[in-house]
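Heads up: the structure comes next, in structure tokens.
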Amino acid sequence: MMKRLLFFDAMNFRSGIRWLPAALLLAASCITPIDFEVPGSGALLVVDGSITNRPGPYTVKLFKSFVIDNRYENPVSEFGAKVILFDDQGNSEQLIETDKGIYKTQGLINGQLGRAYHITIRTRDGKEYFSEPDKIEDPGQLDSLYFDYISETRIENGVEVPYRGFRVFVDAAGSKEENLIRWRWTGTYEILTFPELHMKITDRGPIADPLPCSGYKVGDNGLLKTGPCLCCTCWVNMYQDRPLLSDEQFINAGDFRRVPLAFIPLDRRLFYNKFHFEVEQLSLSRTAYEFWKAVRDQRDGSASLFQPPNAKARGNIRSKDGDEVLGLFSVGGVSIRSLFLNQSIAPDKVLPIDTIKGSCLKVDPTATINRPEFW
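Numbering of the sequence shown is given in my numbering, commencing with residue 11 and proceeding in unit increments.
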């Protein structure tokens, strides 16, 4: 039976929900379905985790697969499981369940280049699963991250519209003959809202109704400030919408040149202040590489009227009982570079941001009031 399922990518998980498909791309609320042959109608265990040579904690997410019928559903977390991380030196660490279905290391094991790692899982119903051991390979080097600014017009629905923004590229070097690499980027921007201007509709018409988080209340003579605003300034993340792999890039003597990463439009919301762009270069095992290639091919095929048969995204998770299980525990090295984009470096200017009379936390699912360390 063919079912359409959603999955998540914990290797893209950082200080919040960050999902690029481990068989589903849910980045900035973008969902891409992936087809699998599913026996029967029962939900399958989905494993989504990773370890790199960067400092932990490392995260493993466990949840149940579910069928998508043109509507959004939340996955059911697999809680109460026992998840253990092992290295090739005989060390192990049991992960702590910090939230339902979310398991994290506590710093006993740190990923190192050249070392191999795997996990075991025992669910609360006694079923046991394991990942195949993989080695953290050298990810190579990100040499430079840079951009071109473009300003042109395009025809959309018979209307000429401006097309302005930054095309971001990277020059990189591989580390081995195969050069199984994935590039993954994250954009971060600041947004300002005005929750003290919130209104509510009454029989007498709209009246002032500042949100409690605004630090204002209605006084006898208008709005009265009572404290700091807790929902005026937020930082929002945005992510790429498809895996970018090294098989799409021309390589010369182990070097990748001018790899196109993203187009960031000169949008007044994205550039209220400035835009932070970070790219990671990840080394992949052959299994992980083929997994992400299948995810990418399905994503690309879903946009075509002449979609070819879907490739199956097979991960490295196995069941001791031979049960069907989905997902990936990624093991790989990572190299990182970042830059800031600012509208002051663009010849075109953008209008001031619209006045949003609500909480900045409601602007996007990734919004947070916690200022990033790099800001």
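Beta carbons are placed, not taken as given, at the ideal position from N, Cα and C, and that holds for glycine. A quick note: this is a predicted structure, and the numbers were derived from the prediction, not measured.
(message) Between the alpha carbons of tryptophan 193 and proline 67, how many angstroms are there, rounded?
(response) 21 Å
(message) I'd like to know whether the C-beta atoms of threonine 163 and glutamate 200 end up nearer to each other than 9 Å.
(response) No, the Cβ-Cβ distance between threonine 163 and glutamate 200 is not below 9 Å.
(message) Quick check: valine 70 and valine 86, are their CB atoms within less than 9 Å of each other?
(response) Contact flag unset, no.
(message) Along the chain, where does the beta strand (DSSP E) containing arginine 267 start, and where does it finish?
(response) 265-275
(message) Assuming glycine 311 is part of the alpha helix (DSSP H), what are its boundary residues?
(response) 296-311
(request) Inspect the CB distances between the stretch 145-158 and the stretch 287-298 and report whether three or more fall short of 8 Å. (result) yes
(request) Go ahead and pull the three-state DSSP assignment for aspartate 251. (result) coil
(message) Less than 9 Å between the C-beta atoms of proline 205 and leucine 221, yes or no?
(response) yes
(request) Rounded to whole angstroms, what's the CA-CA distance from leucine 35 to arginine 214? Just pull it up for me. (result) In this predicted model, leucine 35 has a pLDDT of only 39, less than 50, meaning its place in the structure is not dependable enough to derive any value.
(request) Using only alpha-carbon positions, find the residue among Pro375, Asp135, Asn167 that is nearest to valine 246. (result) Pro375
(message) Taking its Cβ as the centre, do 16 or more other Cβ atoms sit within 10 Å of threonine 108, making it buried, or is it exposed?
(response) Under this definition threonine 108 is an exposed residue.
(message) Please list the terminal residues of the continuous beta strand (DSSP E) segment that includes serine 329.
(response) 327-329
(request) Output the distance between the C-alpha atoms of lysine 137 and serine 329, rounded to the nearest integer angstrom. (result) 8 Å
(request) Give the range of the beta strand (DSSP E) segment to which isoleucine 129 is assigned. (result) 126-132
(request) Tell me whether serine 224 is buried or exposed, calling it buried when 16 or more other Cβ atoms sit within 10 Å of its Cβ. (result) Buried, since its Cβ has 16 or more Cβ neighbours within 10 Å.
(request) Would you mind working out which of Leu207, Asn326, Tyr282 sits nearest glycine 232, comparing C-alpha positions? (result) Leu207
(request) Evaluate the contact criterion for the stretch 298-305 versus the stretch 336-350: three or more CB pairs, one atom per stretch, below 8 Å. (result) They touch, by the three-pair rule.
(message) Rounded to whole angstroms, what is the Cα-Cα separation between serine 354 and threonine 236?
(response) 35 Å
(request) Quick one: give me the first and last residue of the beta strand (DSSP E) that leucine 118 is part of. (result) Looking at the DSSP string, leucine 118 is not in any beta strand (DSSP E), and its letter there is neither H nor E.
(message) So, with DSSP's three-state summary, where would you put lysine 372?
(response) helix
(message) I'd like the list of long-range same chain contacts for glutamate 142, defined as Cβ closer than 6 Å, with 5 residues on each side in sequence excluded.
(response) Asn326
(request) Just the C-alpha distance for glycine 197 and proline 382, rounded to the nearest angstrom, thanks. (result) 12 Å
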